[in-house]
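Working notes for the structure below.
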Amino acid sequence: MSEAGWDVDELLALGRWMDARPSALVEAAAELLKVRDREGVERPLLANAVQKAFERGRGRQNIVLKARQMGMTTWVAGRFFLKTITARGVMTVQVAQTREAAEGIFRIVQRFWECLPEELREGPLRRSKANAGQMCFPELDSEFRVVSAADENAGRGLTVQYLHCSEVSRWPGDAGATLAGLRAALAPEGEMVMESTPNGAYGCFYEEWGRAQQMGGLASQRDSGVVRHFFPWWMEDAYVGAAVDSLREDELRLVSANGLTARQIGFRRGLEASYRGLRSQEFAEDAESCFKATGECCFEVEAVEARLASVGEPLEVRRGGALQVWLPPIAGKEYVVAVDTAGGGADGDYAAVQVIERASGMQCAELQQRLGTLELARASAELAREYGGAMIAVERNNHGAGVLAYLDSVERYARVYEQGGVAGWLTTAGSKPGMVSRMGALLVESAWMFFSRRLLGECRTFVAMAGGRTGAVNGAHDDCLMAMAVAQAVRAEILGKR
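Position in the sequence shown counted from 1, then plus 1370, gives you the working numbering.
This is the structure:
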């Protein structure tokens, strides 16, 4: 590629050349783009082993699970920058986990432009706008943006040809909703890369990785699904340490399976000393243990995963899928209907209702729907009547008092659980740990009691937080779980009184 005579037509020809040859973009990146290496030295963007492997295996939509600092963010930024400056009418959006990370990515892209030949910068790639996080190329009618996932309007109102979602496992707020909005902005033939280090066996990225696995083989994924890429830490050449002489059994297995050197094993031992239990999360070695290394989940992840893998479909589905029934009522049996009101309303959090058989604790039915207090009272009473006049236990926190009032005044339902002479169950800082512990024990000892994928999914995303609190990870829900926790706590109290 000659620097002389650069114009729009030559840029467009370069774009066609990169599209036609699998290795052409790697060559173009090495010739046109520059980055700062680990020592701070400016050098050409020469693809490393991870970046080359991604180029060989990539599809139109991709999800990348990786160890730390493998160069994927820089590579995707370079790849999409080249695509943006060699085609007309391109909109590229990169989304980082924080504003600080977005600023860092934009500095990388800014360097790409600053190190281009002057004829390009002063000619067809002269920018009309280059403010924080955005650069526009008017002669091509193309634009490159770097935004934060914390921005609720990220990608809104745009049509995006190239979308890069970086460190998705660490996106704030409702990461799933943010990702759905960005996907809606992606053009039908657009290219997408989601990439992240793992961050526990829960959340948006974990679920996206699992869905991609279910899509089938790589060939079909390239055509219609999401291509999965896993890059373990030893693919990075810089990750070496002092050579070790004798190897442990786990180290021998790694050497045998992956051809690791004595210096790579030395680096791994250094990670064990520095990162302890988080080593397999920050420096992934396989696509399963890296997700489960965080230890933040309040429940035994293996038990939850095992039950999730074995549950079947509900016997009956109503209310458009909101109500699922596994075990219909049996005459002579006693049941408990537990109600978590959440925020209530059509636009608020979900309300949840769990029906359990009192003697065994087995889950019979589950309702999860956005309902106001009157609608929730009516739905709860309907289920309680269906299950032989079951006892209704309403968590009286938040909007629970309203549900209890409607059960009394509108539904005329008298069989309502009382705690200390007051209608309803009160979840407090004192009672919640016991409720969570009881659920944890049941999941390990009697996981067969639970049939709901929604419930089990919430168990997987229920984590310990700062200050000793527990709750759903950002973007997840815990309404089905808390309704079940109330049901099991009330059951234990009733049986204890007998």
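Even glycine gets a Cβ: it sits at the ideal position worked out from N, Cα and C. Predicted model only: the values in this text are computed from it and were never measured.
Here the alpha carbons of Gln1531 and Asp1719 stand approximately 33 Å from one another. Judged by beta-carbon spacing, Ser1393 lies beyond the 8 Å limit of Ile1455, meaning their Cβ atoms are not closer than that value. Assignment of Thr1798 by DSSP, reduced to helix, strand and coil, places it in the coil class. With respect to the 8 Å criterion, Trp1696 and Phe1507 are not classified as neighbours on the basis of their beta carbons. Contact between the stretch 1671 to 1680 and the stretch 1729 to 1743 is not established, with fewer than three Cβ pairs separated by less than 8 Å.
Under DSSP, Val1405 takes part in a beta bridge, and its partners are Arg1413. Residue environment for Leu1865: exposed (fewer than 16 other C-beta atoms within 10 angstroms of its C-beta).
Per DSSP, reduced to three states, the secondary structure at Glu1863 is helical.
Residue pairing of Gln1739 in beta bridges, as defined by DSSP: Ala1721. Leu1693 and Tyr1783 have their C-alpha atoms some 21 Å from each other.
With respect to the 8 Å criterion, Lys1422 and Val1396 are classified as neighbours on the basis of their beta carbons. By the Cβ-count criterion, Ala1502 is exposed, with fewer than 16 other Cβ atoms from all chains shown falling within 10 Å of its own Cβ.
A direct Cα-to-Cα measurement between Asp1710 and Gln1504 gives close to 45 Å. By the C-beta density criterion, Met1835 is exposed, having fewer than 16 other C-beta atoms within 10 angstroms.
With a contact defined as Cβ atoms closer than 8 Å, Ala1524 and Leu1552 qualify at about 7 Å. Nearest neighbour of Leu1851 by Cα position, chosen from Ser1566, Gln1724, Ala1398, Phe1661, turns out to be Gln1724.
Beta-carbon to beta-carbon, Phe1832 and Cys1667 are separated by about 7 Å, close enough to satisfy the 8 Å threshold.
With a threshold of 16 other beta carbon atoms within 10 Å, Thr1743 meets it and is buried. Rounded to the nearest whole angstrom, the CA to CA distance from Glu1425 to Ile1478 is 20 Å. One Cα belongs to Val1614, the other to Pro1602, and the distance between them is close to 20 Å. In this structure, the alpha-carbon of Asp1389 lies about 23 Å from that of Cys1485.
If the five residues before and after Leu1384 are omitted, its C-beta is found closer than 6 Å to the C-beta atoms of Thr1456, all from its own chain and listed in chain order.
Around the beta carbon of Pro1568, 16 or more other beta carbons sit within 10 angstroms, so the residue counts as buried. For Thr1444, the enclosing alpha helix (DSSP H) begins and ends at 1442 to 1454. By the C-beta criterion, the stretch 1755 to 1763 is judged to be in contact with the stretch 1701 to 1709, since at least 3 inter-stretch pairs fall below 8 Å.
For the set Gln1789, Ala1722, Ala1793, the Cα lying nearest the Cα of Met1854 is the one of Ala1722. In this structure Leu1685 is exposed. Its beta-carbon is surrounded by fewer than 16 other beta-carbon atoms within 10 angstroms.
The three-state secondary structure of Cys1667, taken from DSSP, is strand. In the DSSP assignment, Ala1763 falls within the beta strand (DSSP E) that extends over 1761 to 1764. Residue pairing for Gly1841: DSSP places it in a beta bridge opposite Val1833.
Membership of Thr1462 in the beta strand (DSSP E) is indicated by the continuous run 1461 to 1466.
Annotation: the continuous beta strand (DSSP E) that includes Val1707 extends over 1705 to 1710.
Counting the other Cβ atoms within 10 Å of the Cβ of Leu1753 gives 16 or more, which makes it buried. In summary, Asn1432 is buried, with 16 or more beta-carbon neighbours lying within 10 Å of its beta-carbon over all protein chains present.
Closest option to Leu1403, judged by alpha-carbon separation, among Val1420, Met1440, Val1463, Arg1481: Arg1481. The C-alpha of Gly1772 lies about 12 Å from the C-alpha of Leu1741.
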